[in-house]
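Read the structure below first, then the notes.
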Amino acid sequence: MKAIAIVPGTTDVSLIDVQEPQLSAPDEVKIRMWQVGICGTDREEVSGGRADAPEGQQKLIIGHEMFGQVVEVGSAVTKVKEGDFGVFMVRRGCNQCEACRNGRSDMCFTGNYTERGIKGADGYQAEFVVDKEQYLVKVLPELKNIGVLTEPMSVAAKAIDESLIIQQARFRDFDKTENWLQGKKALIAGIGPIGLMAAFALRLRGAEVIGMDIVDENTLRPSILKQLGGKYLDGRKTKTTDIDEVCGEADFIFEATGIAKLQIQLLDALAINGIYVATGIPAGDRPISVEAATVMQQLVLKNQVLLGSVNASIHHYEMAVGDLAASLEKWPDAINAIITEKVPFKDFDRALHQHNEDEIKVVVEWQ
Ligand SMILES: [Zn+2]
Ligand SMILES: [Zn+2]
0 MKAIAIVPGT
10 TDVSLIDVQE
20 PQLSAPDEVK
30 IRMWQVGICG
40 TDREEVSGGR
50 ADAPEGQQKL
60 IIGHEMFGQV
70 VEVGSAVTKV
80 KEGDFGVFMV
90 RRGCNQCEAC
100 RNGRSDMCFT
110 GNYTERGIKG
120 ADGYQAEFVV
130 DKEQYLVKVL
140 PELKNIGVLT
150 EPMSVAAKAI
160 DESLIIQQAR
170 FRDFDKTENW
180 LQGKKALIAG
190 IGPIGLMAAF
200 ALRLRGAEVI
210 GMDIVDENTL
220 RPSILKQLGG
230 KYLDGRKTKT
240 TDIDEVCGEA
250 DFIFEATGIA
260 KLQIQLLDAL
270 AINGIYVATG
280 IPAGDRPISV
290 EAATVMQQLV
300 LKNQVLLGSV
310 NASIHHYEMA
320 VGDLAASLEK
330 WPDAINAIIT
340 EKVPFKDFDR
350 ALHQHNEDEI
360 KVVVEWQ
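Each residue of the sequence shown is one higher than the one before, counting from 0 in numbering that gives the first Met the number 0.
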């Protein structure tokens, strides 16, 4: 079968022929690939950045945002049958820590996990893939056009779910509402694919959403935000330290920019008892100067939480499928507009290297 592979640490990326994977245990599922999304991680990998081939291999098959159809199941599989749709998770546990032994490799303590398509395990940019049922989430056929968004949505779902759990625990004496986000002001910094997924999830939970970015207001991403009833804030026109004056302080901040300086400055917009979850991963080593005393003073005096969140558990993938289904029902045009380009696998080079201005999510087609 065909697959897209890189030589980690180089810019070498090619379409290769590899042996088609076969079921080798009763709890395995074989999937024919439909689509695999491309994100910043893939583009970093093909430009020689962070990626590791499986042990003993020179090449790594890339791709971690998959969606496909079940073609074969082992005798012990109960979750899906032939013809069903599904998504395999990205991370596989280290088998050494408490988190991984309890199915929470997203919270791995040792860092010795593997990630399909990224770290030590082949990914999903291939015609077929086999893995264990425990890593599979079933996707309803109604979602077949957007099922490839399950992985990015799972990242937003985890960040929001953790924030809700923390707030419920902190306010248990006087605010017993299960959905703390209802009616709260949520600021999303960076409305790329993850930020927009967060916008859908937050609107579904009743939050007032303000999305900030540095693109023109009449372009695609702000228009999707507005279709959900969100407001757009042009970060080129409003200083980060003035956001609270323009929009009011945010009870919840969802950060998806990966710009370290902005990540710190955003704390200024956080309300009393607010929670701020960062999902962007900054790079580089340029120092920035911070009024550390002011930042820490505010964090303490305002009872604020600053939280980092990465990856997702199977439970968050299931939440993501639910959020995609609810989004499709409420805002079908908006959710369908997230996939801006579908590229046949033979044109992988274009999908990985060309950037179009109104691009949100580019997917590689394998059918
Ligand atoms: Zn990704
Ligand atoms: Zn672990």
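Every residue, glycine too, gets a C-beta built ideally from N, C-alpha and C. Nothing here was measured: the structure is a model prediction, and the numbers come from that model.
Taking 3 residues as the minimum length, the beta strand (DSSP E) runs contained wholly in the stretch 72 to 145 are 84 to 87, 113 to 115, 127 to 131, 135 to 138, in order along the chain.
DSSP, read as helix, strand or coil, puts P7 in coil.
The set of residues with any CB-heavy atom separation to ligand 1 below 6 angstroms comprises, in chain order, C38, T40, H63, E64. Set against 7 angstroms, the gap from the CB of N310 to the closest heavy atom of ligand 2 is not smaller. For S46, the closest of D11, C38, G62, G73 by C-alpha to C-alpha distance is D11. With respect to the 8 angstroms criterion, D243 and A268 are classified as neighbours on the basis of their beta carbons. Contact between the stretch 21 to 28 and the stretch 177 to 186 is not established, with fewer than three Cβ pairs separated by less than 8 angstroms. Distances from the alpha-carbon of I15 to those of T109, I5, L22, Q21 put I5 closest. Using a Cβ distance threshold of 8 angstroms, V362 and V147 count as a contacting pair.
The residue from D322, T339, A311, L265 with its alpha-carbon nearest to that of Q303 is L265. Of all alpha-carbon atoms in R235, E207, H63, the one lying nearest the alpha-carbon of G247 is that of E207. Counting the other Cβ atoms within 10 Å of the Cβ of H352 gives fewer than 16, which makes it exposed.
Rounded to the nearest angstrom, the gap between the Cα atoms of A325 and Q34 is 21 angstroms. Boundaries for S46: no beta strand (DSSP E) harbours it, and the DSSP string shows neither H nor E there. Secondary structure of T40 (DSSP, three-state): helix.
DSSP places L148 outside any alpha helix (DSSP H), giving it a letter other than H or E. Shown here for A336: same chain residues with a beta carbon closer than 6 angstroms to its own, the five before and five after excluded, namely I223 in chain order. In terms of Cβ geometry, G229 and A249 do not form a close pair [threshold 8 angstroms]. In this structure, DSSP gives E216 a state outside helix and strand, which the three-state scheme calls coil. Annotated as proximal: V69 and G82, with beta-carbon spacing under 8 angstroms. If you look at E364, you'll find it in the beta strand (DSSP E) that goes 360 to 364. In the three-state reduction of the DSSP assignment, E54 falls in the coil class, being assigned neither a helical nor a strand state. Taking 8 angstroms as the upper bound for CB-CB distance, F87 and C96 are not in contact here, some 21 angstroms apart.
Within its own chain, the residues whose Cβ lies closer than 6 angstroms to the Cβ of T240, once the five positions on either side in sequence are excluded, are D267, listed in chain order. At least one heavy atom of ligand 2 lies less than 7 angstroms from the C-beta of C93. As the crow flies, the alpha-carbon of I187 is around 6 angstroms from that of G194.
At a Cβ-Cβ threshold of 8 angstroms, N310 and R171 do not count as neighbours. Taking a 10 Å sphere around the C-beta of I271, we find fewer than 16 other C-beta atoms and assign the residue as exposed.
When C-alpha distances from R31 are compared across C38, Q21, M106, the shortest belongs to Q21. The three-state secondary structure of Q303, taken from DSSP, is coil.
Set against 7 angstroms, the gap from the CB of N111 to the closest heavy atom of ligand 2 is smaller. The alpha carbon of G307 has as its nearest neighbour, out of E356, A155, M0, T176, the alpha carbon of A155. Pairing R202 with L227 gives a Cβ-Cβ distance under 8 angstroms. Here I15 carries a strand assignment [DSSP, helix/strand/coil]. Non-local beta-carbon contacts of M211 in its own chain, meaning distances under 6 angstroms to residues more than five positions away in sequence, involve A188, L232, G234 in chain order. The three-state reading of DSSP puts E64 in strand, counting E and B together.
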